[in-house]
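> Those protein sequence lines, which keep their order, are chains A and B.
The opening position of the first sequence corresponds to residue 2 in our numbering, with each subsequent residue numbered one higher.
The opening position of the second sequence corresponds to residue 842 in our numbering, with each subsequent residue numbered one higher.
Virtual Cβ for every residue (Gly too), placed ideally from N, Cα, C.
Got a structure for you, questions after.
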Amino acid sequence: MIPTHTASLRDKVGHLRSLFLARLPGMLEEARLACLCLSGGKAAETAIDDLQRLFHNLKGTAATLGLPELSAESSSATELVAGWRLMPVAMRSEVLPSWQRKLANSIARLAVLECQASAALPPPQGAAAPDLPRSARDKKPDLRLKRVYLCDAELDGRQLESPLLCFGYTLTSFCDTASLLRAAAAECPDAIVVQASMATGLAGYENRSDTPLLIVGDDGDFATRLAAVKAGAVAYFQKPIAGHELVEALDMATTQLEPAPYRVLIVDDEPEMADYHASILESVGMSARRLNEPARILEELDEFQPDLLLMDVYMPIASGRELSRVVRQIPQFVGLPILFLSSETDKMEQVSALQVGADGFLTKPIPPQDLITAVAVRAERTRVLRSLMMRDSLTGLLNHTTLSQFLETSLAAAQRQGVPLCFMMLDVDRFKVVNDTYGHQAGDQVLMALARVLKQRLRNSDMIGRYGGEEFAAVLQGVGVSEAVRFVDAIREDFAALTFKAGDKRFSCSFSCGIAGFPDYETAEGLVYAADQALYAAKRGGRNRVIADAAADAIAGEKQ
Amino acid sequence: MRILVVDDDPFAAEMVAAVLEDGGCDAIVVDGAGPAQTVLNADKDFDAIVSDMNMPGQSGMELFRALRAQGSSVPFILLSADDPDVLAQREPRLDACIAKDADLETSLMVTLADVLLPPAD
């Protein structure tokens, strides 16, 4: 007799399947971390044990949950790991690179299968609000391993190999630049890393190729750095190089994100002129917004967030000069380039315009190409400066200042549109103990892993920042507090399940988090304070937990 | 019927428990061979044990052998992501050995019935 299953078993299996898929990214992250420890010693043995158990479990569980492709891929990964164990120890170091490449490929394929399976899940039944979609589901992961060619006589490529591989880079070492160039001619790499003293061997290469060049050297002085710039390097590293720094630089250099179009706000009381200039800029793909009423400039700046402000000098109510003074009064816009447009040919008038903080003076009528160049050059510089100033160097997340600004702007937008918004503050539990016990490198590893988990699991529209030290913060748009708590709590559980390794010691970490939301609080200060209080309550309540601001109040109320 | 489910993977354990409960059994879940021993020491009243093979520390096979060595005769069904026939050959005393695959929903209850019910002639 074949048992017939009730609807409730179907529901349970469906529920388990979605839970399993939600946890899978965390498990794969754990596999990547384990890959970091494979180069030898006792840590390598435990890492291999972990990998075998992880893939073997995935194989069986995925099969029983009706995910055959995931099970098959996990099965290949299991066999890879099993093959490694059977291999004589003497042979291992030789085949390590190719073996690791296969394993990294396998993990990448599992990540893709997870995305596909998650996308195919039916929407949760009876859920009032849909779950936050994960950014991993919006983005198609890049399956291909990126090729990095390394030429450094002093650097042992093998040391860098496994950290790079975990993040999707394969490293090929060359002993001289001539052989590197020959290989590059045959198969173009995604990036080249070269020792400073050998960089001359690549002279002229950057003119013939778009391949980003990274230079490493012993010195950090001006002459060395200038030489690196002249050699066309996109980044310079002073030795010793930390693997994670190189990964960040490679990520930045090789990720071909379609650059967002430059945003130009055009202020001109004559709609025809504004239209004319806007259409020139739009013809080359820039995004131009026209503003005919100077009095609305602050709202427009806030909402449009332009890279450059282009304005007429002579306007009723407020002249261009007066307007630029107003704009410069606001700290956030001190760096915004302002270009004046005028038929003014009087040099003295132009100079006085520059004195009030304009970056340039264009004379009407201006040839379209000149307008385009003048705008593009300045907008580009703003972009570069902004991104350097905005990001934290260890984690690549937004820095404190930028996240605070983002909170202000997104809060204003939420108020206008009448949608909810959350601010969360998050702090790694007992981080000082981690640093003191396992060393600062282990601490950095924890911070980077947390940054990656947050980036992976939150949406593209959520802004995440490193608030300082071991403290992180994020702005979640269009989400209410209870929903945010549910979501961040899942991330908390996954993060707490990660195992870190320092030498042959293993440890795990947790975080505490406090969340407050608009419309409960209407100012940025109010939100930050409430989130901070909730975080404090989470710490006091025993750590490793996510506390909503209202709940924090309730706990405080009970104690009184 | 009370069944002890042993699996270190919480999803697999829940899945097995869901199938058993759907078939009208009570499932008690533990996450390893150690906890299984502890539970069995305190409470011998189980009709069967369904254990995963591959677990950290003691494997499902080692748990089975330890229990038999202690004189326990509770029917034991081993689950494995690998080929179950190989395991069954390695340990003929096992009551059953089945694959962790998409058919588990059906095969588990059928196997349990085979193990617990005397063969009808």
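Measuring straight from C-alpha to C-alpha, what distance separates residue 486(A) and residue 510(A)?
Distance from the CA atom of residue 486(A) to the CA atom of residue 510(A), rounded to whole angstroms, is 19 Å.
> Three-state secondary structure (DSSP) at residue 150(A)?
strand
> Going by beta carbon distance, what residues of the same chain come within less than 8 Å of residue 376(A), once the five residues before and after it are set aside?
263, 265, 282, 287, 309, 311, 340
> Apply the 10 Å Cβ neighbour rule to residue 855(B) and answer buried if 16 or more other Cβ atoms are within range, or exposed otherwise.
buried
> Would you say residue 860(B) faces chain A, with C-beta separation under 9 Å as the test?
yes
> May I ask you to list, following chain order, the residues of the stretch 885 to 916 of chain B that have a beta carbon less than 7 Å from some beta carbon of chain A?
895, 897
> With DSSP run on the structure shown, which of helix, strand or coil describes residue 206(A)?
helix
> Start and end of the alpha helix (DSSP H) containing residue 416(A)?
401 to 418
> Taking all protein chains shown into account, decide if residue 495(A) is buried (16 or more other Cβ within 10 angstroms of its Cβ) or exposed.
Buried: at least 16 other Cβ atoms inside 10 Å.
> What separation, rounded to the nearest whole angstrom, lies between the Cα atoms of residue 240(A) and residue 390(A)?
24 Å
> Would you mind telling me which residues of chain A sit closer than 7 Å to residue 942(B), beta carbon to beta carbon, in chain order?
Those within 7 Å of residue 942(B) in chain A are 64, 65.
> Quick one: Cα of residue 313(A) to Cα of residue 272(A), how far?
For residue 313(A) and residue 272(A), the gap between their C-alpha atoms comes out near 11 Å.
> Scan the stretch 58 to 87 of chain A for residues whose Cβ lies nearer than 7 Å to a Cβ of chain B and list them as they occur along the chain.
58, 60, 61, 62, 64, 65, 66, 67, 69
> Kindly indicate which three-state DSSP category residue 395(A) falls into: helix, strand or coil?
coil
> Residues of chain B with a CB under 8 Å from the CB of residue 424(A): which are they?
Residues of chain B passing the Cβ test: none, with the nearest at roughly 32 Å.
> Any heavy atom of the ligand ZN closer than 8 Å to the Cβ of residue 490(A)?
In the structure shown, the ligand ZN is absent, as is every other ligand, since no ligand is present at all.
> So, for residue 128(A): in the same chain, excluding its five sequence neighbours on each side, which residues have a beta-carbon less than 7 Å away from its beta-carbon?
In this prediction, residue 128(A) scores a pLDDT of 38, lower than 50, which makes its location untrustworthy; the coordinate-derived value is nonetheless stated afterwards. Cβ within range, chain order: n/a, list empty.
> Residue 203(A) and residue 232(A) look like a contact to me (Cβ under 8 Å); what is the Cβ gap, rounded to whole Å?
7 Å
> Could you round the C-beta distance between residue 49(A) and residue 85(A) to whole angstroms and report it? I think they count as a contact, below 8 Å.
6 Å
> Within this structure, are the beta carbons of residue 336(A) and residue 386(A) separated by less than 9 Å?
yes
> Below 7 Å on C-beta distance, what does residue 855(B) contact in chain A?
17
> I'd like to check one pair, residue 448(A) with residue 471(A): are the Cβ atoms closer than 9 Å?
yes
> Using a beta-carbon distance cut-off of less than 7 Å, what residues from the stretch 923 to 942 of chain B approach chain A?
Within the stretch 923 to 942 of chain B, the qualifying residues are 941, 942.
> If we call anything under 9 Å between Cβ atoms a contact, is residue 476(A) one with residue 512(A)?
no
> Measure the C-alpha to C-alpha separation of residue 34(A) and residue 505(A) and round it to an integer number of angstroms.
Pairing residue 34(A) with residue 505(A), the inter-Cα distance amounts to about 14 Å.
> Determine the direct distance from the alpha carbon of residue 431(A) to that of residue 906(B), and round the result to whole angstroms.
43 Å
> If you draw a straight line from the C-alpha of residue 909(B) to the C-alpha of residue 51(A), how long is it?
29 Å
> By alpha-carbon positions, which one of 870(B), 886(B), 901(B), 876(B) ends up nearest to residue 918(B)?
901(B)
> Is DSSP giving residue 546(A) helix, strand or coil here?
coil
> Rounded to the nearest angstrom, what separates residue 153(A) and residue 173(A) at their Cα positions?
11 Å
> Please give me, in chain order, every unbroken run of the beta strand (DSSP E) with length at least 3 that falls completely inside the stretch 263 to 345 of chain A.
Here the runs fully enclosed are 264 to 268, 288 to 292, 309 to 313, 339 to 343.
> With DSSP as the reference, please indicate the residues paired to residue 423(A) in a beta bridge.
477(A), 518(A)
> Assign residue 126(A) to one of two classes, buried (16 or more other C-beta atoms within 10 Å of its C-beta) or exposed (fewer than that).
Any reading at residue 126(A) needs caution, since the residue's pLDDT is 46, under 50, leaving its predicted position unreliable; the model's value is listed next. Classification for residue 126(A): exposed.
> Taking residue 945(B) as the query, report the chain E residues whose CB atoms sit under 7 Å from its CB, ordered along the chain.
The structure shown contains no chain E; the protein chains it does contain are A and B.
> Can you name the residues of chain B whose CB is closer than 9 Å to the CB of residue 231(A)?
Correct list: empty, because the minimum Cβ distance to chain B is about 55 Å.
> Would residue 501(A) pass as an interface residue toward chain B - the criterion being a Cβ-Cβ separation below 9 Å?
no
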